[in-house]
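S.K.: Mind having a look at this structure? Questions to follow.
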Amino acid sequence: MDPRAAGLTELSRGLAGYLRAVAEAVGVPAEATSFEISDTATAYLGLTRRWPTRPGEDLMLVWSERNGWAVAVETDPGETPMVLAWFAGEDVVPEPAEVARFVTGVLTAERSTEPRPVFAVDVGRTELAARLARYVEN
Numbered sequence: 644m645d646p647r648a649a650g651l652t653e654l655s656r657g658l659a660g661y662l663r664a665v666a667e668a669v670g671v672p673a674e675a676t677s678f679e680i681s682d683t684a685t686a687y688l689g690l691t692r693r694w695p696t697r698p699g700e701d702l703m704l705v706w707s708e709r710n711g712w713a714v715a716v717e718t719d720p721g722e723t724p725m726v727l728a729w730f731a732g733e734d735v736v737p738e739p740a741e742v743a744r745f746v747t748g749v750l751t752a753e754r755s756t757e758p759r760p761v762f763a764v765d766v767g768r769t770e771l772a773a774r775l776a777r778y779v780e781n
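Numbering follows the working numbering, in which position 114 of the sequence shown is assigned residue number 757; successive positions increment by one, without gaps.
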């Protein structure tokens with residue numbers, strides 16, 4: 644097997660497990676989640692709760708290997724999401740319970756004023772897969 648393909652499989656399995664753990668912590672059903680690994684690894688969770696100041700709009704929790712987690716207003720696929728808050732942390736892969744606390748804070752109108760974090764892209768896919776390995780289900 645091509646080592647690059649094996650690395651992608653490890654990353655995919657780890658990201659899938661991490662996404663399941665975050666979805667469970669946030670209270671989102673598995674059907675409302677997705678992820679993609681292309682030039683950037685990304686994940687999506689459709690939130691079931693609304694933001695008090697925008698009660699008519701759906702919200703999403705999104706993740707990328709470059710910017711970590713954010714709560715945003717759902718938009719059409721071609722539009723740039725309107726981010727309500729960025730998770731401020733040191734790690735691009737924070738504990739699922741920390742992500743759940745972040746989401747609860749945003750949804751209870753404790754909006755974050757933190758700027759968008761930028762994590763080191765130099766970490767590489769191998770390191771990212773290693774960080775996510777503990778979430779792989781056997």
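We treat Cβ as the ideally placed atom computed from N, Cα and C, and that holds for glycine.
Which two residues bound the contiguous beta strand (DSSP E) that contains Gly689?
M.R.: Following the DSSP letters along the chain, one finds Gly689 inside the beta strand (DSSP E) bounded by residues Ala684 to Gly689.
S.K.: Are there 16 or more other CB atoms within 10 angstroms of the CB of Gly711, so buried, or fewer, so exposed?
M.R.: buried
S.K.: To the nearest angstrom, how far is the alpha carbon of Val726 from that of Met703?
M.R.: 9 Å
S.K.: Put Ala773 into one of helix, strand or coil per three-state DSSP.
M.R.: helix
S.K.: Ignore the nearest five residues each way along the sequence and tell me which others in Ala772's own chain have a CB closer than 8 Å to its CB.
M.R.: Gly650, Glu653, Leu654 and Gly657
S.K.: In terms of alpha-carbon separation, which member of Arg709, Ala684 and Val714 lies closest to Val742?
M.R.: Val714
S.K.: Please classify Arg697: does DSSP put it in a helix, a strand, or coil?
M.R.: Correct three-state label for Arg697: strand.
S.K.: Report the partner residues of Gly711 according to the DSSP bridge assignment.
M.R.: Ser707
S.K.: Cα separation between Asp701 and Ser707?
M.R.: So the two alpha carbons sit approximately 20 Å from each other.
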